[in-house]
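Numbering (the working numbering), first residue to last: 15 to 400. The next block holds one structure in the form of C-alpha cells; read it before the comments.
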C-alpha cells in the first residue's frame with residue numbers, strides 16, 4: 015500500500031515467537047489514518063496490543079492471554095512520538111513498553127519483567143528537522159501468540175499536522191448544572207480539587223492530606239466521609255493499623271493511576287536498575303493486602319503483578335521467603351490465581367526448590383515448618399512436575 019505520507023520504520027526488537035502480524039493490513043485509509051487509542055494487556059510481560067484508528071471500526075488484537083488492561087487514549091491532535099521498552103531475548107515475550115506523546119504525556123511502563131535489552135524508538139530522530147515535530151506512531155508489525163514476541167514500529171507524519179496547530183487542550187463533555195450554571199465549565203478533575211481536604215492520620219502520627227472526592231472513589235472512604243459518622247464532620251480518618259508508606263502509595267494511585275516504591279541508592283540500585291529484592295517484594299505484598307482491604311481492585315492487581323515480577327528475580331531462598339510472607343499476609347489465593355502472570359513462575363518453581371534443598375536445606379525446613387499451607391502447595395507443585 016503506497017503512501018504519499020513520509021513513513022519511517024524502526025528496527026525489530028524482541029524474539030520471533032508466534033505468528034507474524036502487520037497492522038498496515040487493517041488500515042483503511044493510510045493517508046488519513048491516525049491512532050485514537052491503544053489497549054495494552056500486560057503482566058510480567060506484554061500480553062497483547064490492540065490499536066484503534068480514528069473513524070475506523072476494524073481492529074485486531076495482537077497476542078492473547080489474561081493480564082492487566084491498560085488504555086492509552088489520545089486526545090484530538092495528540093499522537094505517540096516515542097516508544098521505550100525492553101526485551102529479554104530468544105524464548106521470551108516483550109518485557110516492557112512505555113508510550114510518550116507529543117503533549118508530553120506518558121503511559122507505562124507496562125510489563126513487569128526488567129528485560130535485558132533496552133530500546134527507544136523516536137520517529138523525530140529519523141527524519142529532517144522540518145518534519146520531526148509531526149512524526150507519530152502509525153502501526154506495528156511483529157509476531158505474537160500468548161504474548162508479543164518481536165515488534166517493529168512505523169512512524170508517519172501526523173495527518174494535517176502543519177495546517178492544524180497542535181495544542182495541549184483536553185476535551186471533556188459535561189452537562190450544565192442549573193443550580194450553578196458556571197460550575198459545568200470546570201473539568202471533573204478540577205471539581206475534585208474543590209472538594210474538602212481530609213486528613214488521614216496513619217500509624218503512630220503520620221498525617222496525609224487528600225481531597226475528599228478523590229478518596230471517595232473507594233467504598234471505605236465514601237462510607238466514612240459521607241455516611242453521617244464522626245469523620246463526616248471532622249474530615250479526619252484515623253488509620254492506626256496501617257503503614258504510612260502503604261497508604262501514601264494507595265493515595266498516589268487514586269490520584270494518578272500508579273504508585274511509587276522508594277529505595278535508598280547504594281551504587282547498584284538506581285531508577286533504571288531497580289532493586290527487585292526481598293524488601294521490595296514485601297512492599298508490594300503489603301500494598302496488595304491494603305488494596306484488598308480498602309477494595310481498590312486495580313491497585314491490588316497491579317501490586318500482585320509487581321510481586322510476581324520480584325519473584326522472577328530473587329535468589330532461590332528469598333523466593334521461598336517471599337512465598338511464605340504471601341501466605342502470612344493472606345495473599346496466597348491472589349498469587350496463585352494471577353492468571354498468565356504466574357504461569358512461567360510456577361513452571362520454574364520445582365527447579366528453585368531442588369536447588370534450595372541442596373544449598374539451604376535448614377532454611378527451607380524452617381520455612382515449611384512455619385507455614386503448612388505453603389508446604390502443601392510446594393509439595394503439590396513438585397508432584398505435578400515429576
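Backbone N, C-alpha and C define an ideal beta-carbon position, used for all residues, glycine too.
Practice problem: Could you check if residue 350 is buried or exposed, using at least 16 other CB atoms within 10 Å of its CB as the buried criterion? | Solution: Numbered from its first residue, the chain shown carries residue 350 at position 336. So residue 350 ends up on the exposed side.
Quiz item: Given residue 223, which residues of its chain have a CB within under 8 Å of its CB, disregarding the five upstream and five downstream residues?
Solution: The residue you call residue 223 lines up with position 209 of the chain shown. These residues qualify, in order along the chain: 211, 212, 213 and 214.
Exercise. Let me know if residue 372 comes out buried or exposed under the rule of 16 or more other beta-carbons within 10 Å of its beta-carbon.
Key: Position 358 of the chain shown, counting from 1, holds the residue named residue 372. Result: exposed.
Quiz item: Among 316, 309, 31 and 40, which has the Cα closest to the Cα of residue 78?
Solution: On the chain shown, residue 78 is found 64 positions in, with the first residue counted as 1. Measuring from the Cα of residue 78, the nearest candidate turns out to be 31.
Quiz item: What's the call for residue 383, buried or exposed, on a 16-neighbour Cβ count within 10 Å?
Solution: Here residue 383 is taken as the residue at index 369 of the chain shown, counted from 1. By the neighbour-count rule (16 or more Cβ atoms within 10 Å), residue 383 is not buried but exposed.
Self-check item: Burial state of residue 247 (16 or more Cβ within 10 Å)
Solution: Taking the first residue of the chain shown as position 1, residue 247 is located at position 233. Under this definition residue 247 is an exposed residue.
Quiz item: Does the distance from the C-beta atom of residue 20 to that of residue 171 stay below 9 Å?
Solution: Here residue 20 refers to the residue found at position 6 of the chain shown. Here residue 171 refers to the residue found at position 157 of the chain shown. Their beta carbons are under 9 Å apart, which means residue 20 touches residue 171 by this criterion.
Practice problem: Check whether the Cβ atoms of residue 55 and residue 173 lie closer than 9 Å to each other. | Solution: Position 41 of the chain shown holds residue 55. Position 159 of the chain shown holds residue 173. Contact flag unset, no.
Quiz item: When you compare each of 35, 253, 389 and 29 to residue 304 by their alpha carbons, which one comes out closest?
Solution: Position 290 of the chain shown, counting from 1, holds the residue named residue 304. The shortest Cα separation from residue 304 among 35, 253, 389 and 29 belongs to 253.
Quiz prompt | Cβ shell of residue 179 (< 7 Å), same chain only, five flanking positions each side left out | solution = The residue you call residue 179 lines up with position 165 of the chain shown. Residue confidence is low: residue 179 scores 41 on pLDDT, short of 50, so the model does not pin down where it sits. No coordinate-derived value is stated.
Quiz item: Is the stretch 143-162 touching the stretch 58-66, taking contact as three or more C-beta pairs under 8 Å?
Solution: yes
Quiz prompt | Secondary structure of residue 277, DSSP reduced to three states | solution = As a working note, residue 277 is residue 263 in the chain shown. Three-state result, residue 277: coil.
Practice problem: Report yes or no: do three or more beta-carbon pairs, one from the stretch 35-53 and one from the stretch 146-155, lie closer than 8 Å? | Solution: yes
Quiz item: Considering residue 83, what are the terminal residues of the beta strand (DSSP E) in which it resides?
Solution: What you label residue 83 is simply residue 69 of the chain shown in a count that begins at 1. Per DSSP, residue 83 belongs to the beta strand (DSSP E) from 82-87.
Practice problem: May I ask which residues mark the beginning and end of the beta strand (DSSP E) holding residue 51? | Solution: On the chain shown, residue 51 is found 37 positions in, with the first residue counted as 1. 49-56 is the span of the beta strand (DSSP E), which, as asked, contains residue 51.
Quiz item: For residue 231, does the count of other Cβ atoms within 10 angstroms reach 16, so buried, or fall short, so exposed?
Solution: Locating residue 231 in the chain shown gives position 217, counting from the first residue. So residue 231 counts as exposed.
Practice problem: Taking only the alpha-carbon atoms, compute the straight-line gap between residue 139 and residue 146 and give it to the nearest angstrom. | Solution: Start at 1 with the first residue of the chain shown, and residue 139 comes out as number 125. Start at 1 with the first residue of the chain shown, and residue 146 comes out as number 132. When rounded, the distance between both Cα atoms is 7 Å.
Practice problem: Return yes when the Cβ of residue 102 is within less than 9 Å of the Cβ of residue 131, no when it is not. | Solution: Within the chain shown, residue 131 is the residue found at index 117, counting from 1. Within the chain shown, residue 102 is the residue found at index 88, counting from 1. For residue 131 and residue 102, yes; Cβs fall inside 9 Å.
Quiz prompt | Distance between beta carbons of residue 335 and residue 292, contact taken as under 8 Å | solution = For the purposes of this step, residue 292 is identified with residue 278 of the chain shown, where counting begins at 1. For the purposes of this step, residue 335 is identified with residue 321 of the chain shown, where counting begins at 1. Going by Cβ atoms, the distance from residue 292 to residue 335 rounds to 6 Å, so yes, they are a contact pair.
Self-check item: Three-state class that DSSP yields for residue 383 in the structure shown
Solution: Translated into the one-based positions of the chain shown, residue 383 becomes position 369. If DSSP states are grouped into helix, strand and coil, residue 383 belongs with the helices.
Quiz prompt | residue 221 - containing beta strand (DSSP E), residue span | solution = Looking up residue 221 in the chain shown gives position 207. Residue 221 -> beta strand (DSSP E) spans 220-225.
Quiz item: Straight-line CA distance for residue 125 to residue 392?
Solution: The residue labelled residue 125 in the question sits at position 111 within the chain shown. The residue labelled residue 392 in the question sits at position 378 within the chain shown. Near 27 Å, if we compare the C-alpha coordinates of residue 392 and residue 125.
Practice problem: Please state if the CB of residue 239 and the CB of residue 251 are separated by a distance shorter than 9 Å. | Solution: In the chain shown, residue 251 corresponds to position 237, counting from 1. In the chain shown, residue 239 corresponds to position 225, counting from 1. Cβ atoms of residue 251 and residue 239: closer than 9 Å.
Quiz item: In terms of alpha-carbon separation, which member of 166, 243, 378 and 386 lies closest to residue 346?
Solution: The residue you call residue 346 lines up with position 332 of the chain shown. Considering only alpha carbons, the answer is 386.
Exercise. Tell whether a beta-carbon distance below 9 Å holds between residue 121 and residue 86.
Key: On the chain shown, residue 121 is found 107 positions in, with the first residue counted as 1. On the chain shown, residue 86 is found 72 positions in, with the first residue counted as 1. Yes, these two residues count as a Cβ contact at 9 Å.
Practice problem: Using 10 angstroms around the beta-carbon of residue 118, count the other beta-carbons present and answer buried if the total reaches 16, otherwise exposed. | Solution: Indexing the chain shown from 1 puts residue 118 at position 104. Exposed: under 16 other Cβ atoms inside 10 Å.
Practice problem: Counting only the same chain and skipping the five closest in sequence on each side, list residues whose C-beta sits under 6 Å from that of residue 100. | Solution: Residue mapping note: residue 100 aligns to position 86 of the chain shown, counting from 1. So the qualifying residues of the chain are 109, 110, 129 and 132.
Exercise. Keeping to the same chain, check which residues put their C-beta closer than 6 Å to that of residue 381; ignore five residues upstream and five downstream.
Key: As a position in the chain shown, residue 381 is number 367, starting the count at 1. The residues are 334 and 338.
Quiz item: Nearest-angstrom Cα distance between residue 75 and residue 329?
Solution: Within the chain shown, residue 75 is the residue found at index 61, counting from 1. Within the chain shown, residue 329 is the residue found at index 315, counting from 1. Their Cα atoms are separated by approximately 36 Å.
Quiz prompt | Which of helix, strand or coil DSSP assigns to residue 36 | solution = Translated into positions along the chain shown, residue 36 becomes position 22. Three-state result, residue 36: strand.
Quiz item: residue 368: buried (16+ other C-beta within 10 angstroms of its C-beta) or exposed?
Solution: Position 354 of the chain shown, counting from 1, holds the residue named residue 368. Looking at its Cβ environment, which holds fewer than 16 other Cβ atoms inside 10 Å, residue 368 is exposed.
Practice problem: Could you tell me which residues DSSP puts in a beta bridge with residue 135? | Solution: On the chain shown, residue 135 is found 121 positions in, with the first residue counted as 1. Bridge partners of residue 135: 97.
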